[in-house]
Amino acid sequence: MQIDFGVPEHIVGIDLGTTNSLVAFMDLTGPRIVPGADGDKLVPSVVSIQPNGDIVVGNPARELLLTQPERTVYSVKRLMGRGLADVQEELKLFPFHIAPGSDSVIQLQLGQRTFTPPEISAFVLRQLKQNAEAYFGAPVPKAVITVPAYFNDAQRQATKDAGRIAGLEVLRLVNEPTAASLAYGLDKRKNGIVAVYDFGGGTFDISILKLQDGIFEVLATNGDTHLGGDDIDNLLLRIALEDVASEWGFDLSTDNEGIQRLRRAVIEAKERLSFVPQTNIELEYRGKKYGRELNLELFDKLIKPIVDRTLGPCRDCIKDAGVKIEQIDEVVMVGGSTRIPLVLSAVENLFRVKPHTELNPDEVVALGAAVQAAILSGAVEDKLLLDVTPLSLGIETMGGVVSKLIHRNSTIPASATEGFTTGVDGQRNVLIHVVQGERELVKDCRSLARFDLKDIDPMPAGLARIEVRFLIDANGILNVTARDQRTGKEHSVDVKPSYGLTDEQVETMIRESIEKADQDFNDRQIREARVEADTILAAVEKARRHDAYFDLSEEERAAIDKAVNELLLVYHSGNLDLIRAKIDQVNQVTLKLAENMMNTAVRGALKGSKI
Amino acid sequence: MIDYFEIFGIPRRLSLSVDDLQQRYYRLSRELHPDRCMNKPAAEQQRALDMSSALNDARRTLQDPIQRANYLLSLEGFDIGEQKSKDVPPELLEEVFELNMALEEMRGGDDSARPQLEQAEANFAKMMGDVDAQLRSLFEKYDAAPERETLSEIRGVLNRRKYIQNLLSEVQSELTPTT
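Protein chains in written order, with this note's numbering: chain A, 1 to 611; chain B, 1001 to 1179.
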């Protein structure tokens, strides 16, 4: 469905966060966040699957986390592009279950149905898309989506898949810290070196950029995709659980609702400690009360090891960027966890500058994504992002050793070409195992995919010459092409991603979601038409008591009755065109009535009397 | 083979101004980066991707003097594949022998070899400095009068440099505790 509304297309920027997600756009005044129907700018990244199949997203889903934890998913970003073995630790704390058959992609069991993490994320994205469409009154088909800078290929691909499943054309994946630097508009102030410290709900990134005349060049990036505010929550939660176990005499961790309520309580206490020096963790549940005093001093002591874990990557990043700490002019704080006083002081101590905190750390990434969307649309011409790949890319060679082809912190797009041949006479295919990581051995790196060069003409060993090009695109995603050097022909490459959905699986999900989205879109329009019908019917009923109504002729009044009755008849039909036609009809036959009422009002006003 | 020097419109030289290279790089990026071509047809977008990846690869190679020299050698038809022979440069034989003994001791948990390794680290670091100075003058020599003979000499020094570099990182990784 492609409708030309005669207005410039809106490309939105989306921050798909661990805890909250936001959608933003750029207008003449700058980037702005699009609020949801409830007026809230933050859409909690929580999805609940109802027994009747309804999908609940955002704030209402966050409430369902308390009452229906086993069918409600939060922090799914931590599972994106991951294998089952990677996430054993976090799964212990999640109330939902993993379905059998979760080998290369995790399957979440929610009620009777199973969903992959990209499908869950797609529900959040679809909600943001709808919020933007309601705001603009026009379709929003394209988006820029942000990802943690330290996301690997599989995690990026999973995010892109989520966008496609949600019916969005993902124009670009942008690294969150880089996006944040765009939002801060630091380029206006000066050319210089900027560090972006991004400590969010589930991930930590540090990026160091060089700014010059509108060019934002990332020199180096580092981070931990499993380090965030969640870890602080879990730490406090464990302590509170132990307290409860000793005070109440039973283990609350087996009680899904109880644990989610306690989780909420520790999060609220944590957040309060960013503003006050002392607070209480409080829970009232099943007639029992739990309370523990928590002051900033103890809190700092508890979370120090977590905060310290961000400092190692910072030092490595500074080293990789080839700069000295003194050369860093500005530090920008991003992510909700940077509100924590200890985080602020740790960063200030390390970089020896007062960090920027002017922009809301929850919003800055989405705002930057909107700026990048404007760059891509051509609306902003003076800025350009030059980002890097966070991890080295290599292939497996003899003895399980990695041969690095593209080094970490290489500016993307980046490419490398490698020649392959056969090892035995008549060999028909060559298997290439691609990995990501900094270690020497394949087993210590992250397996990305296996590429099979197939249908090689049979010939003696070593004669085949196949040139394989590894290209990391501007999204940080690997593309592989192969060419037979003897014939010059493109060689087919069969891709088996190690963690993630195959293209076919994504296609199927897109087909299902488009059918669903069409249905959703239709439902939404019908709901809107009914709201309009309600308004006009109420107005007519009110008008029936007005003097002007009695000035109408018998026929005119009969026509109104007829039109109103017909609208009532089709009201529940589910036929959008019919409802719209009948609304128009009521409008038509009440035109004169409306005019008369207006005239009476004007006459009344002229006489100075109150209408 | 794409000529990286040609992409930047600069002569095939071994010494160059990194600042100038950066300014050229930024100017070309503004033209070629995929972000600049999102509204263009698919074929042009693909071309932008190819061009900008070549530009990035070219910049990465040329901004580092060692990579630049290796690249120029390969352009001029020298085989610069990974140094295959494990042969120790003769003048380093004795040093490497003692170093290996010390490394063995360290790995065996004997910390008494530490001062010796620290001494070796300092030696190798100094050697690197000497090699780099030697390279700089050879670069100037080649740029003034591009002779194959000079390139061949440079290749020899590059191999030696790589050997010392490997020794140095081996010593350093042994000296810094793994975290």
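Virtual Cβ for every residue (Gly too), placed ideally from N, Cα, C.
Out of B:L1168, B:D1035, B:I1154, B:P1089, which has the shortest C-alpha to C-alpha gap to E1118 (chain B)?
Of the candidates B:L1168, B:D1035, B:I1154, B:P1089, B:L1168 places its Cα closest to the Cα of E1118 (chain B).
Where DSSP assigns a beta bridge to V47 (chain A), which residues make up the other side?
For V47 (chain A), DSSP records a beta bridge to A:V57, A:V73.
I need the boundaries of the alpha helix (DSSP H) containing V343 (chain A), first residue and last residue.
Per DSSP, V343 (chain A) belongs to the alpha helix (DSSP H) from 341 to 351.
For G419 (chain A), which residues does DSSP report across the bridge?
For G419 (chain A), which the question treats as bridged, DSSP gives the partners A:E467.
Are the C-beta of Q657 (chain A) and some C-beta of chain B separated by less than 8 Å?
With chain A covering only 1 through 611, there is no way to say anything about residue 657 (chain A).
Contact list for P1034 (chain B) against chain A, beta-carbon separation under 8 Å:
Those are P413, D473, A474, listed as they occur along chain A.
Could you check whether the region 486 to 501 of chain A touches the region 1058 to 1076 of chain B, counting it as contact only if at least three pairs of C-beta atoms, one from each stretch, sit closer than 8 Å?
No, because fewer than three Cβ pairs between the region 486 to 501 of chain A and the region 1058 to 1076 of chain B fall closer than 8 Å, the two stretches do not touch.
Between G201 (chain A) and G229 (chain A), how many whole angstroms is the CB-CB distance? I'm expecting something under 8 Å.
Contact holds; Cβ gap of about 5 Å.
Could you name the residues of chain A that D1057 (chain B) contacts, counting a contact when the two beta carbons are closer than 7 Å?
Near D1057 (chain B) (Cβ distances below 7 Å), the residues of chain A are A414, S415.
Best match in B:L1158, B:R1136, B:A1102 for proximity to E1172 (chain B) [C-alpha to C-alpha]
In the sequence on display, residue 1172 (chain B) carries Gln and not Glu. Ranking B:L1158, B:R1136, B:A1102 by Cα distance to Q1172 (chain B) puts B:A1102 first.
Would you identify the three-state DSSP class for T1179 (chain B), choosing helix, strand or coil?
Only weak support exists for where T1179 (chain B) lies, its pLDDT of 45 falling under 50; the coordinates are left without a value.
What's the call for A601 (chain A), buried or exposed, on a 16-neighbour Cβ count within 10 Å?
So A601 (chain A) ends up on the exposed side.
Considering E257 (chain A), what are the terminal residues of the alpha helix (DSSP H) in which it resides?
256 to 272 is the extent of the alpha helix (DSSP H) around E257 (chain A).
Residue-chain proximity (M1128 (chain B), chain A), Cβ-Cβ < 8 Å:
Cβ-Cβ to chain A under 8 Å: no for M1128 (chain B).
Please name the residue in A:L273, A:T279, A:K270, A:L237 whose C-alpha comes closest to that of I259 (chain A).
Nearest to I259 (chain A) by alpha-carbon distance, out of A:L273, A:T279, A:K270, A:L237, is A:L237.
Can you tell me the Cα-Cα spacing of M509 (chain A) and F115 (chain A), whole angstroms?
The alpha-carbon atoms of M509 (chain A) and F115 (chain A) are separated by roughly 10 Å.
Going by DSSP, what residues sit across from D198 (chain A) in a beta bridge?
A:D205, A:V334.
Pairwise C-alpha distance: D484 (chain A) and F96 (chain A):
Approximately 48 Å between the Cα atoms of the pair.
Assuming the contact rule is C-beta atoms closer than 8 Å, L1062 (chain B) and L1021 (chain B) should be a hit. Round their C-beta distance to whole Å, please.
Contact between L1062 (chain B) and L1021 (chain B) is confirmed by a C-beta separation of about 6 Å, below the 8 Å threshold.
Those residues which DSSP pairs with G192 (chain A) across a bridge:
Partner residues in the beta bridge of G192 (chain A), as assigned by DSSP, are A:L211.
Under the three-state DSSP convention, the category F275 (chain A) falls into:
DSSP places F275 (chain A) in coil when its eight states are reduced to three.
Assigned secondary structure, A132 (chain A) (DSSP; H/G/I helix, E/B strand, else coil):
It is helical.
For Q212 (chain A), which residues in chain B fall below 8 Å Cβ to Cβ?
For Q212 (chain A), the residues of chain B that pass the 8 Å Cβ criterion are Y1026, in the order they occur in the chain.
Against chain B, does G378 (chain A) count as a neighbour if the rule is that its beta carbon must be under 8 Å from one of theirs?
Judged by the 8 Å Cβ criterion, G378 (chain A) is in contact with chain B.
Among the candidates A:T279, A:R286, A:K582, A:N256, whose CA atom is the shortest distance from the CA of Q68 (chain A)?
Ranking the options by Cα distance to Q68 (chain A), first place goes to A:N256.
Whose CA, out of A:K270, A:D382, A:D300, A:V353, lies closest to the CA of F216 (chain A)?
Ranking the options by Cα distance to F216 (chain A), first place goes to A:D382.
Using beta carbons (cut-off 8 Å, strictly below), is Y1004 (chain B) in contact with chain A?
No, no contact with chain A.
Collapsed DSSP secondary structure at L431 (chain A) in the structure displayed
Here L431 (chain A) sits in strand by DSSP.
Roughly how many whole angstroms lie between the Cα atoms of K582 (chain A) and L567 (chain A)?
Spanning the alpha carbons of K582 (chain A) and L567 (chain A) requires a straight line of approximately 5 Å.
For the region 435 to 453 of chain A against the region 389 to 397 of chain A, do three or more pairs of beta-carbon atoms, one drawn from each stretch, fall closer than 8 Å, so that the two count as touching?
In the pairwise beta carbon analysis, the region 435 to 453 of chain A is classified as touching the region 389 to 397 of chain A: at least three pairs are separated by under 8 Å.
Any beta strand (DSSP E) of 3 or more consecutive residues that is wholly inside the region 471 to 523 of chain A:
Within the region 471 to 523 of chain A, the beta strand (DSSP E) runs of at least 3 residues that lie entirely inside it are, in chain order, 478 to 484, 493 to 497.
From F1078 (chain B) to E1153 (chain B), what distance separates their C-alpha atoms?
Distance between the alpha carbons of F1078 (chain B) and E1153 (chain B) is about 12 Å.
What residues of chain A sit near N1039 (chain B), judged by a beta carbon separation below 9 Å?
From the beta-carbon of N1039 (chain B), the residues of chain A found nearer than 9 Å are L376, S377, G378.
Going by beta-carbon coordinates alone, are E9 (chain A) and K190 (chain A) separated by less than 8 Å?
No. Outside cutoff.
Sufficient close CB pairs (3 or more, under 8 Å) joining the region 151 to 160 of chain A to the region 539 to 553 of chain A:
No, the region 151 to 160 of chain A is not in contact with the region 539 to 553 of chain A.
Can you look up R436 (chain A) in the DSSP assignment and give me helix, strand or coil?
With the sequence shown as reference, residue 436 (chain A) is identified as Gln, and Arg is not the correct amino acid for it. In this structure, Q436 (chain A) counts as strand in the three-state DSSP scheme.
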